[in-house]
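Student: Under this note's numbering, the first residue of the sequence shown carries the number 1056, and numbering increases by one thereafter.
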Amino acid sequence: MPIIKCVNQPIRYEKWGNKTSLPPIIFLHGWNNNITGWYKQIPFFSKYTEVYAYDQIGHGKSSRSRDIDYSMDFMAAILYQFIKKLKIKRPVIAGHSMGGMLAQYFALKHPDLISKIILLCTSFGIPRPLKKAPYFLHPIARILAKFFKPIQYFMNSFPHKSLTKKEAHNDFKRAVATDPYGSFKILGAIVSLSMKNEVAKIKNDILFITGTYDIFTNQIPFYHKLGATVKLIKNGEHNLHGHFYKQVNKIMYEFIKS
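Right, dumping it as structure tokens:
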């Protein structure tokens, strides 16, 4: 798998598909995940356009250096160089959870570099208080609450349903592929992030997708007010693009080609 240096950090990425009349797509995964989190989107969208995905710093096979700033600003700088070095012309940025926060942050800094943004199960920041925590935090919630004060509110917010054995196995594989140091540093950046007053300044078209059981369902009025295209998937939870991929892919495709 190819490696590209962005802000002097090795970033593992993949490219699929070919140039067409549709804009290219860059998929940004969420916290404690990696490229494989988009396994239901990549085969579908690569039939229609160029598709890119990369492991965020501290995740997968990208840089795990302890000498860098694991901040949203640093991750945006990586995305900037990724687009510039690979000469990707005005891509659609699709981000899940943390990736969606990065997509918004990037759109505020570099609106002319991208065409549209797709936000899956995300927000302008972590809402407080949380009513339901995403299932990926379930196995480590008590550890996080004990050692990291900013995220104690995760303790009382557990997922609405249990994972299947296969889902749990896949999540575990992705989790162990993540550097604990970088993961916790990034989580701290996510928890402290709030772009509520800035997101309204985004110039790019926005698609916001969430599910009835996702922790970010309460963000629907906010994105409606912004003029975003908003879609709610019945019975959907935080891993919408994995469990409800047929609906998600169709919604995303219609938005991209519009």
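By construction, the Cβ of each residue, glycine as well, lies at the ideal position given by its N, Cα and C atoms.
What ranges does the beta strand (DSSP E) occupy inside the region 1075-1103, keeping only unbroken runs of at least 3 residues that lie completely in it?
Tutor: 1080-1083
Student: May I have the straight-line CA-CA distance separating S1120 from F1179, to the nearest angstrom?
Tutor: 27 Å
Student: Considering only C-alpha positions, which residue in the set K1312, L1083, D1122 and C1061 is nearest to L1175?
Tutor: It is L1083.
Student: Ends of the alpha helix (DSSP H) at I1261?
Tutor: Looking at the DSSP string, I1261 is not in any alpha helix (DSSP H); the run it does join, the beta strand (DSSP E), is D1260 to G1266.
Student: Grab the span of the alpha helix (DSSP H) containing Y1300 for me, first residue to last.
Tutor: Y1300 to K1312
Student: Indicate the three-state DSSP secondary structure (helix, strand or coil) for R1229 in the structure shown.
Tutor: For R1229, the pLDDT reaches just 45, beneath the cut-off of 50, and the residue's location in the model is therefore unreliable, leaving the point undetermined.
Student: With a threshold of 6 Å on Cβ separation, who are the neighbours of A1162 within its own chain once the five nearest residues in sequence on each side are excluded?
Tutor: I1172, I1257 and N1259
Student: I need the DSSP call for Y1278, collapsed to helix, strand or coil.
Tutor: Three-state result, Y1278: helix.
Student: Hey, I1311 and V1147 are a contact pair by Cβ (cut 8 Å); roughly how many whole angstroms apart?
Tutor: 6 Å
Student: Quick check on I1257: does DSSP put it in helix, strand or coil?
Tutor: coil
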